[in-house]
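Encoded as structure tokens, the structure appears first; notes follow it.
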Amino acid sequence: MVIAIDGPAGAGKSTVARCVAQKLHIQYLDTGAMYRAFTLLVLRRGISLEEISAIEHLLEDFEVVLNGEQVFMNGEDVTRDIRSDPVTDTVSFISSLSSVRKKMVELQRDIGNNRDVVAEGRDIGTVVFPGTKYKFYLDASIEERARRRIRDRQSQSSITDLDEAITRIQQRDLYDSTREISPLAKAPNAHYIDSTHMTIDEVCDYIISQIKAL
């Protein structure tokens, strides 16, 4: 069983997906963390974003392991490092590269095809696991998404100004929804959830109720 939760930046996908996974006692698959881990590796190697071939070649030296909420990149715990501003500002571009997405989708499908998972991202229900019947699209107002990003305990972001946070999310939304490869989009058969005025538990319980009803 694969439960797909898609949505834009700051919608609360990670928190909700963890909650659902915990309540159903299945694995949480943070696909965004996988892209962030590779982005961190690119930045650490000092590779220019214009050097596409070098970035693609680096995939051969990349290994990612998700252990609960911990993220290991080439054996190193990078759980906190992948939430830094430089990674956040660069991950959309890195994840738009077809070779990178192909590699990550292969890894994600390998995990999801061998166990029950709650997978969250931007193309889970449309590209990675289009065949699953458990699809949800989580959204919220841009102001609320910006507030959540500022409050995010996992984030290593230095942003504390709401207007700046809104601007960054708007830029991310535009990039994610217009990129050529696997753009952010709601699957036609996904349940749409506006979580602007909902608590985490309310969203989590709603998703579980819908799963049980299917």
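Heads up: take any position in the sequence shown, counting from 1, add 2, and you land on my numbering.
Even glycine gets a Cβ: it sits at the ideal position worked out from N, Cα and C.
A quick note: this is a predicted structure, and the numbers were derived from the prediction, not measured.
For G9, same chain residues with a beta-carbon under 7 Å away, outside a window of 5 residues either side, are K15, Y139, L140, D141 in chain order. Rounded to the nearest whole angstrom, the CA to CA distance from V120 to G70 is 12 Å. By the Cβ rule, the region 58–76 does not count as touching the region 85–92, because fewer than three pairs are nearer than 8 Å.
When C-beta atoms of the region 26–40 are compared with those of the region 109–129, three or more pairs fall below 8 Å, so the two segments count as touching. DSSP places A11 outside any alpha helix (DSSP H), giving it a letter other than H or E. In the structure shown, the three-state DSSP call for A121 is strand.
In this structure, V102 sits near F40, with a CB-CB distance shorter than 9 Å. Collapsing the DSSP output to three states places A189 in coil. Cβ atoms of I113 and R147 stay farther apart than 8 Å, at about 27 Å. In this structure, V205 lies away from V4, with their beta-carbon atoms at least 9 Å apart.
DSSP places F40 in no beta strand (DSSP E) but in the uninterrupted alpha helix (DSSP H) bounded by 33–46. In the structure shown, D154 adopts coil according to DSSP, grouped into three states. In this structure, the beta-carbon distance from R150 to R85 does not fall below 9 Å. Nearest to L216 by alpha-carbon distance, out of R46, D154, K104, A192, is A192. Between C21 and I195, the C-beta gap is not smaller than 9 Å, which leaves the two residues out of contact. G12 counts as buried, since no fewer than 16 other beta carbons sit within 10 angstroms of its beta carbon.
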